[in-house]
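Chemist: Letter by letter, the sequence shown follows residues 30 to 466 in my numbering.
First, the structure itself, so that you have it in front of you.
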Amino acid sequence: MRKHVTFLMILLLCLWPACPAAAAESVPTPPDIASKHAILAQAGTGRILYEKAADEKAYPASTTKIMTALLAIEQLDPTATLTASESAVQIDRDGSNMGILRDEVLTVEQLLYGLLVHSANDAANVLAEAVAGDISQFVDRMNVRAAELGMTNTHFVNTHGYHDSEHYTTARDLLTLSMHAMENPLFAKIVSTAQYEIPPTNKYTETRYLSNNNALINPMRDHRYRYSAARGIKTGHTQDAGYCLTSYAEKDGRRFFCVTLNAPIEDGENHSFLDTIALLDYGFDKFKLESISDVNEIVATHEVRYAKGGEQVVLSAKEPFEVLLPKGYSKEKLTTEMYVEENITAPVAKGDVLGRAEYFYDGISLGAIDLTAVKPIKKSYLRMIFFTLFDLIFNVWVMTPLAVIVLILIVRALRESRRQRIARERRRQQVRRDFYR
Numbered sequence: 030m031r032k033h034v035t036f037l038m039i040l041l042l043c044l045w046p047a048c049p050a051a052a053a054e055s056v057p058t059p060p061d062i063a064s065k066h067a068i069l070a071q072a073g074t075g076r077i078l079y080e081k082a083a084d085e086k087a088y089p090a091s092t093t094k095i096m097t098a099l100l101a102i103e104q105l106d107p108t109a110t111l112t113a114s115e116s117a118v119q120i121d122r123d124g125s126n127m128g129i130l131r132d133e134v135l136t137v138e139q140l141l142y143g144l145l146v147h148s149a150n151d152a153a154n155v156l157a158e159a160v161a162g163d164i165s166q167f168v169d170r171m172n173v174r175a176a177e178l179g180m181t182n183t184h185f186v187n188t189h190g191y192h193d194s195e196h197y198t199t200a201r202d203l204l205t206l207s208m209h210a211m212e213n214p215l216f217a218k219i220v221s222t223a224q225y226e227i228p229p230t231n232k233y234t235e236t237r238y239l240s241n242n243n244a245l246i247n248p249m250r251d252h253r254y255r256y257s258a259a260r261g262i263k264t265g266h267t268q269d270a271g272y273c274l275t276s277y278a279e280k281d282g283r284r285f286f287c288v289t290l291n292a293p294i295e296d297g298e299n300h301s302f303l304d305t306i307a308l309l310d311y312g313f314d315k316f317k318l319e320s321i322s323d324v325n326e327i328v329a330t331h332e333v334r335y336a337k338g339g340e341q342v343v344l345s346a347k348e349p350f351e352v353l354l355p356k357g358y359s360k361e362k363l364t365t366e367m368y369v370e371e372n373i374t375a376p377v378a379k380g381d382v383l384g385r386a387e388y389f390y391d392g393i394s395l396g397a398i399d400l401t402a403v404k405p406i407k408k409s410y411l412r413m414i415f416f417t418l419f420d421l422i423f424n425v426w427v428m429t430p431l432a433v434i435v436l437i438l439i440v441r442a443l444r445e446s447r448r449q450r451i452a453r454e455r456r457r458q459q460v461r462r463d464f465y466r
């Protein structure tokens, strides 16, 4: 009986690595989502953790206002006051607006809160006219800026995202825009705001109370979707676009951007929020930050031309480097590629950047870090003179003419030897002729 038990234990141990539960995951299984287009990326590195039809054309709805806000923040003073024109406030009132009246005076900052928190179409137009003079020229700037950011599959025709068949983007392009916009502190502050108040103005006698449409950060919209790690950024919805959401979340040093487009409402559940939560949970629950390089760790060594004593330079990471890896990752799948300068010449100062190390997991790039010299390398002038003369003597421009000269001399010597041999043979023949006469 014991022999049978022992045999079964050995068999189980042999088979254990092949069991799905025990094997290290290469890529964790992502959630199943209802949104037609989606993408999840690590902030900072831009590494894509999940995507679904991310390059297919989609309608952005009010996520368009991210671009509108970005241009306004880049061009306008937040404390400046703007007067709303009649053309700016003449919008379709079935769309989102904050009821701006003609000739009403508001600050740029108040309009930005109206734009991003309340998703106000009229605020978008007032800001657009202040930036470019008229809405048409502002839209042109939106498209130029999109091209500058590398949004190659995006085209805008208005400032706010009201539906137009020629007004489109992709999940990947919207991710690019969101990541760039969140680098601006004012933008990041506004999109993380749940509630905002605008006091009475010259045309409006009551305080405006703005409530963020993003339920991830504003439980007053729908407490079911509150997500504590969320920090923004923008919702959107039209009948043709479905429900859209671009989001940013951070927790325990991990930061993610998520975009979901054309999400449905099913059984009373808004899948733009449900899918975003599922994808963000996937990032936080399935991945962890792992330190894979240390400033005290020797990464590579390399020869240094003219180094005193022939010393080699020692390279280490410029700074500690953390990468996002699946929890329970396999160390065998973690690889590194080194790029070190070929012709390093002394002197070398401590901290000089002389290469890069790029890290991969299962063939996917995790990022790269600079490699720097751990200590200085002094120059040997004697070695420099010796190798300079050596290189000069054996330089191709020197050796080639010398080789030609030597070849000419050899040819001449061979010819002279042949001429002398022929002359000697002639003399011998002449001697024999003279003897037999």
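All C-beta atoms in this analysis are idealised placements derived from N, C-alpha and C, irrespective of residue type, glycine included.
On the DSSP bridge assignment, give the partners of Thr330 in chain order.
Modeler: Counting from 1 along the sequence shown, the entry for residue 330 is found at position 301. Bridge partners of Thr330: Val343.
Chemist: Under 8 Å, do Ser345 and Leu395 count as touching if we go by C-beta distance?
Modeler: Your numbering for residue 345 matches position 316 in the sequence shown. Your numbering for residue 395 matches position 366 in the sequence shown. No, the pair does not count as a contact, with Cβ atoms beyond the cut-off.
Chemist: Determine the extent of the beta strand (DSSP E) in which Lys280 is found, giving its start and end residues.
Modeler: As a position in the sequence shown, residue 280 is number 251, starting the count at 1. 271–280 is the span of the beta strand (DSSP E), which, as asked, contains Lys280.
Chemist: How many Å lie between Ser207 and Ala83 at the Cα?
Modeler: Looking up residue 207 in the sequence shown gives position 178. Looking up residue 83 in the sequence shown gives position 54. Taking the straight line joining both Cα atoms gives about 14 Å.
Chemist: In or out: Ile95 buried (at least 16 other Cβ within 10 Å) or exposed?
Modeler: In the sequence shown, the residue the question calls residue 95 occupies position 66. Flag for Ile95 reads buried.
Chemist: In its own chain, which residues sit with a C-beta less than 7 Å from the C-beta of Asp381, not counting the 5 before and 5 after it?
Modeler: Here the question's residue 381 lines up with position 352 in the sequence shown. Here the set comprises Thr401, Ala402.
Chemist: Where Val343 and Arg284 are concerned, what is the direct C-alpha to C-alpha distance, given to the nearest angstrom?
Modeler: Translated into positions along the sequence shown, residue 343 becomes position 314. Translated into positions along the sequence shown, residue 284 becomes position 255. Rounded to the nearest angstrom, the two C-alpha atoms are 33 Å apart.
Chemist: Tell me the DSSP secondary structure of Ile129 in three-state form.
Modeler: The sequence position of residue 129 within the sequence shown is 100, counting from 1. Residue state, collapsed to three classes: coil.
Chemist: From Arg201, Asn187, Leu215, pick the residue whose C-alpha is nearest to that of Thr108; which is it?
Modeler: The count along the sequence shown starts at 1 and reaches residue 108 at position 79. With distances taken between Cα atoms, Thr108 lies closest to Leu215.
Chemist: Quick one: residues in its chain with C-beta nearer than 7 Å to the C-beta of Lys315, no 5 flanking neighbours on either side, listed in chain order?
Modeler: Taking the sequence shown and counting its residues from 1, the one referred to as residue 315 is at position 286. Cβ neighbours of Lys315 beyond the five flanking positions: Pro57, Pro355, Lys356.
Chemist: Helix, strand or coil for Ala442 per DSSP?
Modeler: In the sequence shown, counting from the first residue as 1, residue 442 sits at position 413. Three-state result, Ala442: helix.
Chemist: Quick one: is Pro89 buried, meaning 16 or more other Cβ sit within 10 Å of its Cβ, or exposed?
Modeler: Locating residue 89 in the sequence shown gives position 60, counting from the first residue. Buried, since its Cβ has 16 or more Cβ neighbours within 10 Å.
Chemist: Within the region 290–328, note down every full beta strand (DSSP E) run reaching 3 residues or more, in order along the chain.
Modeler: Entirely contained in the region 290–328, the beta strand (DSSP E) runs reaching 3 residues are, in chain order, 316–322.
Chemist: Just grab the DSSP bridge partners of Ser165 for me.
Modeler: One-based indexing of the sequence shown puts residue 165 at position 136. DSSP, once it has assigned bridges, lists no residue as partnering Ser165.
Chemist: Relative to the alpha-carbon of His209, which residue among Val137, Glu138, Glu195, Glu103 has its alpha-carbon at the smallest distance?
Modeler: Residue 209 sits at position 180 when you count from the first residue of the sequence shown. Of the candidates Val137, Glu138, Glu195, Glu103, the one whose C-alpha sits nearest the C-alpha of His209 is Glu103.
Chemist: Consult DSSP for Gly396 and reduce its assignment to one of helix, strand or coil.
Modeler: To locate residue 396, count along the sequence shown from 1; it is residue 367. Three-state result, Gly396: strand.
Chemist: On the DSSP bridge list, what partners appear for Tyr390?
Modeler: Taking the sequence shown and counting its residues from 1, the one referred to as residue 390 is at position 361. Answer is Leu363, Ile393.
Chemist: Would you tell me roughly how many angstroms separate the C-alpha atoms of His331 and Pro430, rounded to the nearest one?
Modeler: Your numbering for residue 331 matches position 302 in the sequence shown. Your numbering for residue 430 matches position 401 in the sequence shown. Distance between the alpha carbons of His331 and Pro430: 34 Å.
Chemist: My assumption, with CB atoms under 8 Å, is that Phe286 sits in contact with Ala72. Please give the rounded CB distance.
Modeler: If you number the sequence shown from 1, residue 286 lands on position 257. If you number the sequence shown from 1, residue 72 lands on position 43. At roughly 6 Å, the Cβ-Cβ gap stays under 8 Å, so Phe286 and Ala72 are in contact.
Chemist: Could you give the distance in angstroms between the alpha-carbon of Glu370 and the alpha-carbon of Val288?
Modeler: For this step, residue 370 is matched to residue 341 along the sequence shown. For this step, residue 288 is matched to residue 259 along the sequence shown. Cα to Cα, the separation comes out at about 39 Å.
Chemist: To which residues does DSSP link Lys408 through a beta bridge?
Modeler: By one-based count along the sequence shown, residue 408 stands at place 379. Answer is Ala336.
Chemist: Look up Glu80 in the DSSP assignment and give the residues it is bridged to.
Modeler: For the purposes of this step, residue 80 is taken as residue 51 along the sequence shown, with counting starting at 1. Glu80 is bridged to Ile68.
Chemist: For Gly380, does the three-state DSSP call read helix, strand or coil?
Modeler: By one-based count along the sequence shown, residue 380 stands at place 351. Three-state result, Gly380: coil.
Chemist: I need the straight-line Cα distance from Lys347 to Glu212, nearest angstrom please.
Modeler: Stepping through the sequence shown from its first residue, residue 347 is reached at position 318. Stepping through the sequence shown from its first residue, residue 212 is reached at position 183. Computed Cα separation, rounded: 24 Å.
Chemist: Going straight from the alpha carbon of Ala63 to that of Ile306, what length do you get?
Modeler: The sequence position of residue 63 within the sequence shown is 34, counting from 1. The sequence position of residue 306 within the sequence shown is 277, counting from 1. Those two C-alpha atoms are separated by around 12 Å.
Chemist: With 16 other CB atoms within 10 Å as the buried threshold, where does Gly261 fall?
Modeler: Locating residue 261 in the sequence shown gives position 232, where the first residue counts as 1. Classification of Gly261: buried, given that the 10 Å Cβ count is 16 or more.
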